Amino acid sequence: MKQNTTNNQNLVRDETETRSVSQVINAKTTLEGEGFVVHRAFPNGSLREFYTFLLLDEMGPIEISAGEAKGAPDHPHRGFETVTYMIKGVFEHKDSQGHSGKIKTGDVQWMTAGSGVIHSEMPEKEFSQKGGTLHGFQLWINLPKKDKMMKPRYQDIPANKIPIAQNDGVKVKIIAGESMREKAVIETRTPIMYLHFTLQPDSKVTQIIPQNYNAFAYVVNGEGLFGDKQIHAHKEQVILFGQDGNEITIRASNDSSTPLDVLLIAGIPLGEPVARYGPFVMNTEDEIKQAILDYNTGKMGKIDF
Ligand code: MN
Numbered sequence: 004m005k006q007n008t009t010n011n012q013n014l015v016r017d018e019t020e021t022r023s024v025s026q027v028i029n030a031k032t033t034l035e036g037e038g039f040v041v042h043r044a045f046p047n048g049s050l051r052e053f054y055t056f057l058l059l060d061e062m063g064p065i066e067i068s069a070g071e072a073k074g075a076p077d078h079p080h081r082g083f084e085t086v087t088y089m090i091k092g093v094f095e096h097k098d099s100q101g102h103s104g105k106i107k108t109g110d111v112q113w114m115t116a117g118s119g120v121i122h123s124e125m126p127e128k129e130f131s132q133k134g135g136t137l138h139g140f141q142l143w144i145n146l147p148k149k150d151k152m153m154k155p156r157y158q159d160i161p162a163n164k165i166p167i168a169q170n171d172g173v174k175v176k177i178i179a180g181e182s183m184r185e186k187a188v189i190e191t192r193t194p195i196m197y198l199h200f201t202l203q204p205d206s207k208v209t210q211i212i213p214q215n216y217n218a219f220a221y222v223v224n225g226e227g228l229f230g231d232k233q234i235h236a237h238k239e240q241v242i243l244f245g246q247d248g249n250e251i252t253i254r255a256s257n258d259s260s261t262p263l264d265v266l267l268i269a270g271i272p273l274g275e276p277v278a279r280y281g282p283f284v285m286n287t288e289d290e291i292k293q294a295i296l297d298y299n300t301g302k303m304g305k306i307d308f
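Counting from 1, position 140 in the sequence shown corresponds to residue 143 in the numbering used here; the numbering is continuous, with no gaps.
This is the structure in structure tokens:
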């Protein structure tokens with residue numbers, strides 16, 4: 004991706020080491036799987052990926068009427084991780100390794116696809132029959148070369164196992180990494196920070212962030228001010244931070260009655276070539292050809308239950 008470092012205002016740094024905002028991007032509304040609505044933070048326009056992060060989709064929020072739920076039927080993945088975080092509603096998951104489960108409101112499924120799985124991600128049958136609000140996120144995280152062909156693994160974390168910290172109008176759910184002295188329970192292959200902040204109007208958070216992490220935020224709801232220059236952003240916008248400090252500040256607007264709901268996601272760059280084709284993300288074109296061949300010849304298995 005192209006880094007915006009030509010902003011003259013950013014040449015003069017203040018003493019606080021608060022990161023600047025390099026870009027604010029609107030998520031793009033698109034259809035996934037059988038046609039459910041997603042707001043795609045990226046890939047989007049010129050932003051193909053953000054360092055180790057390959058995709059972020061906000062699924063819904065969408066009102067499902069009884070019996071009308073659409074999902075993503077059987078499809079493969081190789082070479083990266085998919086992280087599903089449900090804000091509301093219930094998804095059902097099944098895969099070619101014989102793994103299955105439900106991802107309910109507040110739950111996280113951290114799937115390391117590694118050498119390859121075929122899975123289906125569908126609104127739960129019971130939930131679909133009743134109808135209701137479906138809202139969640141899916142983040143794709145690249146794997147380092149040495150882990151791309153690892154055995155697939157799952158970390159299914161129910162909502163009540165995800166640490167929460169609160170202070171002065173700020174609540175944070177710690178999905179990965181560390182915030183307000185609380186540590187996540189999820190293990191990551193490379194250092195990752197995945198925090199869900201809820202800020203009451205006019206409250207502010209300062210999150211410490213290691214210098215070598217690249218960070219972005221996604222506004223789930225409300226509006227706020229980001230970075231050293233207090234750049235405004237709202238719902239369905241992506242905020243990319245510069246790598247010019249060791250803390251990130253987020254402030255909820257004081258003239259809004261809606262709390263600011265925001266995801267803050269960060270990780271270290273892998274510095275390895277990215278060859279990407281749909282659900283396969285490898286280092287070379289030959290490895291992509293191999294992935295397609297393995298998929299087409301049934302080497303990734305099938306869902307048979
Ligand atoms: Mn998938």
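We treat Cβ as the ideally placed atom computed from N, Cα and C, and that holds for glycine.
Because the structure is a prediction, the values reported are computed rather than measured.
- For Gly-82 and Val-40, the gap between their C-alpha atoms comes out near 25 Å.
- Sorting Gly-245, Glu-226, Asp-247 by C-alpha distance to the C-alpha of Glu-239 places Glu-226 at the top.
- Counting the other Cβ atoms within 10 Å of the Cβ of Asn-145 gives 16 or more, which makes it buried.
- The criterion of a C-beta distance shorter than 8 Å is not satisfied by Phe-56 and Gly-92.
- When distances are taken from the beta-carbon of Glu-124 to the heavy atoms of ligand 1, the shortest one is below 7 Å.
- Cβ atoms of Ile-195 and Val-24 stay farther apart than 8 Å, at about 21 Å.
- For Lys-176, DSSP records a beta bridge to Ile-167, His-199.
- Secondary structure at Asn-299: helix, using DSSP grouped into helix, strand and coil.
- If the five residues before and after Lys-207 are omitted, its C-beta is found closer than 6 Å to the C-beta atoms of Arg-254, all from its own chain and listed in chain order.
- Apart from sequence neighbours up to five positions away, the residues of its chain that approach Asp-110 with a beta-carbon distance below 6 Å are Met-89, Pro-161, Ala-162, ordered along the chain.
- Judged by the Cβ position, Thr-85 qualifies as a neighbour of ligand 1 at the 7 Å threshold, a heavy atom of the ligand being closer than this.
- Per DSSP, reduced to three states, the secondary structure at Ala-187 is coil, with no helix or strand assignment.
- A distance criterion of 7 Å places the beta-carbon of Ala-75 in contact range of ligand 1, judged by its closest non-hydrogen atom.
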